[in-house]
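Read through the structure below, which is laid out as structure tokens, and then see the notes.
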Amino acid sequence: MKKIISVLLVVLFFCSCSEYQTALKTEDVAIKFELATKLYDAGKYTKAIRLFEQMASAYRGKPQGEKLFYMYAQSCYKTKQYYIAGYQFDSFVSGYPKSEKSEECAYLGAQSYSMLSPVYSIDQTDTFKAIEKIQGFIDRYPNSKYIAEANATSRKLNDKIERKVYENALEYNRISNYKSAIIAFDNFIADFPGTPYKEKALYFKFDSAYLLAINSVPSKMEERLNSAKTYYLNLVKFRPNTEYKTKVDEMSAKIDLELQKYNK
């Protein structure tokens, strides 16, 4: 009995392969469409994509094209081909704006671009594009059933940009480019006033100003010491019990000691 079942499975496998190869080679798009739909429904998206690609131009603008391009975009999304999926979902929305699937495709298109967003430490071009796409969806469908997920994605993407800008400013401090660090932290705090990195940004801004001041030529030291003192006060005003309190208090005391030389 087991042998018979095994033989039947082998026969079915080869028949299936033969049917797929025939569909790939035929010029009959109806045959391609029927098999592609079966493959899509069975979750065999990679095989279905090959057939969708072959007949896409033939169905563009035709009634069945709506179903085809929806399945095509979904297949790309489900196989994590997010560049193609984003493009196909965008094309679907523009080509079939009145479709009942239009809202879903607009959301999944935006999500496709968000999936291309890289880790914060590298170039964020794709992240900015994803933010634009997801915000476009939110603006267009404010009452969508996907709005909670869209807002969550938007926050995640914006947090990534925020982290990137913060790390860029911090890098100036690490390489001892203190002037640039102060400017970068100033801009960061202005652009992201509610950032969870504000305490750290205020600390490293003060640290940069302090190191710049104590390593200055005498003619610029007093002015820079006073600036550093101001940044210290900004930090302790924002967070009186800052995690850096012991260190910044010691730095502030050294600043006061140095400034006494100019008050005599």
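To convert a position in the sequence shown, counted from 1, into this note's numbering, add 22. Every residue, glycine too, gets a C-beta built ideally from N, C-alpha and C. Quick caveat, the model's predicted, so the values are computed rather than measured.
Cβ-Cβ distance between residue i and residue j below 9 Å
{"i": "residue 136", "j": "residue 178", "result": "yes"}
{"i": "residue 111", "j": "residue 127", "result": "yes"}
{"i": "residue 183", "j": "residue 211", "result": "no"}
{"i": "residue 75", "j": "residue 94", "result": "yes"}
{"i": "residue 134", "j": "residue 99", "result": "yes"}
{"i": "residue 209", "j": "residue 187", "result": "yes"}
Residue of the options minimising C-alpha distance to residue i
{"i": "residue 227", "options": "263, 189 and 240", "result": "189"}
{"i": "residue 108", "options": "78, 156 and 121", "result": "156"}
{"i": "residue 254", "options": "243, 282 and 223", "result": "223"}
{"i": "residue 78", "options": "100, 51, 98 and 56", "result": "51"}
{"i": "residue 251", "options": "225, 239, 148 and 63", "result": "225"}
{"i": "residue 214", "options": "140, 181, 83 and 245", "result": "181"}
{"i": "residue 59", "options": "49, 216 and 92", "result": "92"}
{"i": "residue 119", "options": "138, 139 and 83", "result": "83"}
{"i": "residue 206", "options": "194, 273 and 216", "result": "194"}
{"i": "residue 85", "options": "64, 55 and 140", "result": "55"}
Residue i at chain D interface by Cβ criterion, 9 Å
{"i": "residue 199", "result": "Judged by its chain identifiers, the structure shown contains no chain D, having just a single protein chain."}
Buried versus exposed, by CB contacts within 10 Å (16 or more), residue i
{"i": "residue 96", "result": "buried"}
{"i": "residue 102", "result": "exposed"}
{"i": "residue 229", "result": "buried"}
{"i": "residue 105", "result": "exposed"}
{"i": "residue 46", "result": "exposed"}
{"i": "residue 116", "result": "exposed"}
{"i": "residue 200", "result": "buried"}
{"i": "residue 73", "result": "buried"}
{"i": "residue 147", "result": "exposed"}
{"i": "residue 170", "result": "exposed"}
Any chance you could list the alpha helix (DSSP H) runs of at least 4 consecutive residues sitting entirely within the stretch 105-180, in chain order?
124-137 and 147-162
4 or more residues per run - each alpha helix (DSSP H) lying fully within the stretch 179-259:
200-213 and 220-236
What are the complete alpha helix (DSSP H) segments, minimum 4 residues, inside the stretch 41-97?
51-63 and 67-81
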